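Chemist: Which chain is which? The protein sequence lines are A and B, in order.
Residue 4 is where the first sequence starts when you use this note's numbering, and the numbers rise one by one after that.
Residue 141 is where the second sequence starts when you use this note's numbering, and the numbers rise one by one after that.
Even glycine gets a Cβ: it sits at the ideal position worked out from N, Cα and C.
Nothing here was measured: the structure is a model prediction, and the numbers come from that model.
So that we are looking at the same thing, I have put the structure below in structure tokens.
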Amino acid sequence: MMEDLLVVKGLETQFFTYGGIVEALDGVNFTIRRGEVFGLVGESGCGKSVTALSILGLVPPPGKVVSGEIIMDGENLLEKSEKEMQKIRGSKISIIFQDPTSSLNPLFKIGYQVAEPLIYHEHYKEKKALQEALQVLKDTGIGDPEEKIKNYPHELSGGMRQRAMIAMALACRPDLLIADEPTTNLDVTIERQIINLMHILQKEYGTSILLITHNLGVVAEMADRVGIMYAGNIVELTDVHTIFHNPKHPYTIKLQKAIPSATSVGQELEEIQGAVPRLINPPTGCRFHPRCDHATSVCSKVKPREVEIGTEHMVACHLYG
Amino acid sequence: MRADFVKTRYGLLKRRTKPMIKEFGLTFYVIRKSPLAVAGGIVVIIFLFMAVFGKYVAPHDPYETDIANRFKSPSLEHLCGTDKLGRDVFSRLLHGARYSLKVGIVVLVIATPLGIILGGVAGLLGGWFDELIMRITDIFLAFPYLLLAMAFCAALGPSLDNAMVAISLVWWPLYTRLIRGQALSVRENAYIEAARSMGEGRMTIILRHLLPNCLSPVLVTFTLDLGAIVLATAALSFLGFGAQPPLPEWGRMISDGRIYMFQAWWVPTFPGLAIALTVLGFNLLGDGIRDALDPKLRRVIEVEAK
Numbered sequence: 004m005m006e007d008l009l010v011v012k013g014l015e016t017q018f019f020t021y022g023g024i025v026e027a028l029d030g031v032n033f034t035i036r037r038g039e040v041f042g043l044v045g046e047s048g049c050g051k052s053v054t055a056l057s058i059l060g061l062v063p064p065p066g067k068v069v070s071g072e073i074i075m076d077g078e079n080l081l082e083k084s085e086k087e088m089q090k091i092r093g094s095k096i097s098i099i100f101q102d103p104t105s106s107l108n109p110l111f112k113i114g115y116q117v118a119e120p121l122i123y124h125e126h127y128k129e130k131k132a133l134q135e136a137l138q139v140l141k142d143t144g145i146g147d148p149e150e151k152i153k154n155y156p157h158e159l160s161g162g163m164r165q166r167a168m169i170a171m172a173l174a175c176r177p178d179l180l181i182a183d184e185p186t187t188n189l190d191v192t193i194e195r196q197i198i199n200l201m202h203i204l205q206k207e208y209g210t211s212i213l214l215i216t217h218n219l220g221v222v223a224e225m226a227d228r229v230g231i232m233y234a235g236n237i238v239e240l241t242d243v244h245t246i247f248h249n250p251k252h253p254y255t256i257k258l259q260k261a262i263p264s265a266t267s268v269g270q271e272l273e274e275i276q277g278a279v280p281r282l283i284n285p286p287t288g289c290r291f292h293p294r295c296d297h298a299t300s301v302c303s304k305v306k307p308r309e310v311e312i313g314t315e316h317m318v319a320c321h322l323y324g
Numbered sequence: 141m142r143a144d145f146v147k148t149r150y151g152l153l154k155r156r157t158k159p160m161i162k163e164f165g166l167t168f169y170v171i172r173k174s175p176l177a178v179a180g181g182i183v184v185i186i187f188l189f190m191a192v193f194g195k196y197v198a199p200h201d202p203y204e205t206d207i208a209n210r211f212k213s214p215s216l217e218h219l220c221g222t223d224k225l226g227r228d229v230f231s232r233l234l235h236g237a238r239y240s241l242k243v244g245i246v247v248l249v250i251a252t253p254l255g256i257i258l259g260g261v262a263g264l265l266g267g268w269f270d271e272l273i274m275r276i277t278d279i280f281l282a283f284p285y286l287l288l289a290m291a292f293c294a295a296l297g298p299s300l301d302n303a304m305v306a307i308s309l310v311w312w313p314l315y316t317r318l319i320r321g322q323a324l325s326v327r328e329n330a331y332i333e334a335a336r337s338m339g340e341g342r343m344t345i346i347l348r349h350l351l352p353n354c355l356s357p358v359l360v361t362f363t364l365d366l367g368a369i370v371l372a373t374a375a376l377s378f379l380g381f382g383a384q385p386p387l388p389e390w391g392r393m394i395s396d397g398r399i400y401m402f403q404a405w406w407v408p409t410f411p412g413l414a415i416a417l418t419v420l421g422f423n424l425l426g427d428g429i430r431d432a433l434d435p436k437l438r439r440v441i442e443v444e445a446k
């Protein structure tokens, strides 16, 4: 078994708004192992991005991590000072955001922006950092990298910018790369290329990836293990094969049925009734029970425990508890 | 050997500055396209020329009195006539430009950096610091700026130097507001968060990512404000809070000459025209620069230029 890189235990993040406390994360547990791709899947607003930001210590106010542990290399990231976190961000953990168009500063050339983390974290001289940046950009398969490093962001297309973002995130060879919906804003052909690229780079650089997405197709393509997230909880966590072929949690099952596929032309897609609950006043007990076909009286009262129902297969549902 | 070194250095310099020069060239081209902006630019250049060289080209000593020749109407000898003490109005105008420019520069040197730093920090950090800074600017902005400047001047004692301080004191809140507004919109850009996620510190983010992206409206306001500051200085001097006689400050000249309006119209009129033209020139140039920096309009003209 592979070594654990990052362990998240009982992570609770809340937003203290005027309207009340929003419990964005309600005790999230998962582990990312060295060299694997861990997929975190869920609908919009279920807490995927908040999880990523919590790991980086960048939850925007009025949000706050209220309890839990995030352990990397034997140290709890939540106990670190802002200064210490700044050293970790970009060098040990880095992130790619979903919007490549605005993630690059319009005033600096691509080469410099990719080189910046090296100057910042590795204290490279500008010249050496730029050479290294060129190398990383070459690895991302950007066409004509010698020319591209002299370009400004607005001179590149969306796919190229996302490649530049990936280069920037990987420049310092981080142990963990968080990819927050890396392909959401790209069209399918570019999406394909970016996924392939991330796969190749992940093998080459030995980086673990936390892949955040709402696209099960991307997960099937890339992830080794998958956590299904619903309203601030991980409801099912197992390897990618089991998620697709033997899902157990009612939400996972419904999510599968909602995917359009090329083989089911003409059939109606099933939708999941209702919407993700507002987390300012979440449903009691199991947060999925108002939308669940199998809900019983216990579901609205008691929060389900996370149960191991097989090897490496965790489900949080009363049906299995 | 040495020549080689110089040559490569020069080549490097040229390579580095070339895109910058191209950029300036393009901006300049856009400005040149607008006749009004060009007119503004010419007026501003004349003003700057007067301010820098006026002292040396003035035909007469601006302080030299000649009671025998008082209230002479404009002639070749005295282009703008003479005032109540027989001083040459034209020479006084040339000298006066220097004071207006000096006030403009001093005010911008004090007010702009203050406004930029406070506004930038307030905009990025938010929270109580933002509240504090914004409430202070509110207090300043609650009074008409001229009134407040007059109050400061009255407290400090009337002189041109104190007028500069007074105007600076009422000017910085405008920049703070402007930059804060910009910072609020710029900080929502993903590259700020990206910079943070790359482990950059707060100061680095403010200086490298936030402020540079806030600066183009400042450049425009800067130009427009130079005109407004010239006007404010003149107003303060006119009211007796700024420059004291016999300093040939434009506002002061109008103030001193206004009672002779009907017997010697040239005494107050020429300084008045000088102020009006200078302010107009800065405004037209400022508009031109704004258009030149507007990315939409710019794209069109860039294509044209190629």
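What span of residues does the alpha helix (DSSP H) with Asp-242/A cover, start to end?
Modeler: Per DSSP, Asp-242/A belongs to no alpha helix (DSSP H); it is in the beta strand (DSSP E), 236 to 242.
Chemist: So that I know if they touch, is there some Cβ in chain A lying closer than 8 Å to that of Gly-339/B?
Modeler: yes
Chemist: Taking the straight line between their C-alpha atoms, what separation do you get for Thr-192/A and Leu-350/B?
Modeler: Straight-line Cα distance between these residues: approximately 34 Å.
Chemist: How long is the line joining the alpha carbons of Arg-36/A and Asp-227/A, rounded to whole angstroms?
Modeler: 10 Å
Chemist: List the whole-angstrom C-beta distance separating Val-238/A from Phe-291/A, where the pair is believed to meet the contact cut-off of C-beta under 8 Å.
Modeler: Confirmed, about 7 Å.
Chemist: Less than 8 Å between the CB atoms is what I'm expecting for Ala-182/A and Leu-140/A, so what's the real figure, rounded?
Modeler: About 18 Å; that fails the 8 Å criterion.
Chemist: For the ligand GTP, is there any heavy atom lying closer than 7 Å to the beta carbon of Asn-32/A?
Modeler: As presented, the structure is devoid of all ligands, the ligand GTP included, so that no description of it is given.
Chemist: What do you get for Trp-268/B, buried or exposed, if any count of 16 or more other CB atoms within 10 angstroms of its CB means buried?
Modeler: exposed
Chemist: Against chain B, which members of the region 92 to 106 of chain A pass a CB distance test of less than 7 Å?
Modeler: Against chain B - using a Cβ distance shorter than 7 Å - the residues of the region 92 to 106 of chain A are Arg-92, Gly-93, Ser-94, Ser-97, Ile-98, Phe-100, Asp-102, Ser-105, Ser-106.
Chemist: Sorted by chain position, which residues of the same chain lie with C-beta nearer than 6 Å to Asp-201/B's C-beta, five sequence neighbours on each side aside?
Modeler: none
Chemist: For the region 346 to 380 of chain B, which residues have a beta carbon sitting closer than 9 Å to at least one beta carbon of chain A?
Modeler: Arg-348, His-349, Pro-352, Asn-353
Chemist: Could you run through the region 313 to 340 of chain B and flag, in chain order, every residue whose CB is less than 8 Å away from some CB of chain A?
Modeler: Of all residues in the region 313 to 340 of chain B, those with a C-beta nearer than 8 Å to a C-beta of chain A are Asn-329, Ala-330, Tyr-331, Glu-333, Ala-334, Ala-335, Arg-336, Ser-337, Met-338, Gly-339, Glu-340, reading in chain order.
Chemist: With distances taken Cα to Cα, identify the nearest neighbour of Ile-98/A among Ser-211/A, His-252/A, His-244/A.
Modeler: Ser-211/A
Chemist: Kindly provide the ranges of any alpha helix (DSSP H) runs that are 4 or more residues long and lie completely inside the region 181 to 240 of chain A, ordered along the chain.
Modeler: 191 to 208, 219 to 225
Chemist: Can the beta-carbon of Leu-216/B be found less than 8 Å from the beta-carbon of Met-290/B?
Modeler: No, the Cβ-Cβ distance between Leu-216/B and Met-290/B is not below 8 Å.
Chemist: When you compare only the Cα positions, how much space is there between Val-301/A and Gly-66/A?
Modeler: 31 Å
Chemist: Answer with yes or no whether the minimum CB distance from Pro-120/A to chain B is below 8 Å.
Modeler: yes
Chemist: Taking Ala-174/A and Leu-121/A to be in contact with their CB atoms under 8 Å, please state how far apart those CB atoms are, rounded to whole angstroms.
Modeler: Contact holds; Cβ gap of about 5 Å.
Chemist: Residues of chain B with CB closer than 9 Å to the CB of His-124/A, please, in chain order.
Modeler: Met-338, Gly-339
Chemist: When you compare the CB positions of Leu-413/B and Ala-177/B, do they come within less than 8 Å of one another, or not?
Modeler: no
Chemist: Specify whether the region 235 to 243 of chain B and the region 181 to 194 of chain B touch according to this definition: at least 3 beta carbon pairs, one from each stretch, less than 8 Å apart.
Modeler: yes
Chemist: Cα-Cα, which of Tyr-155/A, Gly-22/A, Leu-179/A is closest to Ala-55/A?
Modeler: Leu-179/A
Chemist: Would you say Asn-108/A reaches chain B, if we count a Cβ-Cβ gap shorter than 8 Å as a contact?
Modeler: yes
Chemist: Can you list the residues of chain B that Lys-90/A reaches, using a CB-CB cut of under 7 Å?
Modeler: Gly-339
Chemist: Could you name the residues of chain B that Leu-204/A contacts, counting a contact when the two beta carbons are closer than 9 Å?
Modeler: The premise fails here: Leu-204/A is roughly 17 Å from chain B at the closest Cβ pair, so nothing lies under 9 Å.
Chemist: Quick check on this structure: which residue in Val-40/A, Tyr-21/A, Glu-15/A has the alpha carbon closest to the alpha carbon of Val-62/A?
Modeler: Glu-15/A
Chemist: Is there a Cβ of chain B sitting closer than 8 Å to that of Leu-43/A, yes or no?
Modeler: no
Chemist: Sorted by chain position, which residues of the same chain lie with C-beta nearer than 7 Å to Ser-299/B's C-beta, five sequence neighbours on each side aside?
Modeler: Gln-384
Chemist: Over the uninterrupted alpha helix (DSSP H) stretch that includes His-124/A, give me the two end residues.
Modeler: 113 to 124
Chemist: How many Å lie between Lys-151/A and Lys-112/A at the Cα?
Modeler: Their backbone Cα atoms lie some 9 Å apart in a straight line.
Chemist: Should Arg-336/B be labelled buried (16 or more other beta-carbon atoms within 10 Å of its own) or exposed?
Modeler: buried
Chemist: Could you check where the beta strand (DSSP E) with Val-402/A kicks off and where it finishes?
Modeler: In the structure displayed, chain A extends from 4 to 324; residue 402/A sits before or after that span and is not available.
Chemist: Please return the same chain residues whose Cβ sits closer than 7 Å to the Cβ of Glu-271/B, not counting the five positions on each side in sequence.
Modeler: none
Chemist: So is Leu-61/A in contact with chain B if we call contact Cβ pairs under 8 Å?
Modeler: yes
Chemist: Rounded to whole angstroms, how far is the Cβ of Gly-48/A from the Cβ of Val-279/A, which I believe are closer than 8 Å?
Modeler: 5 Å
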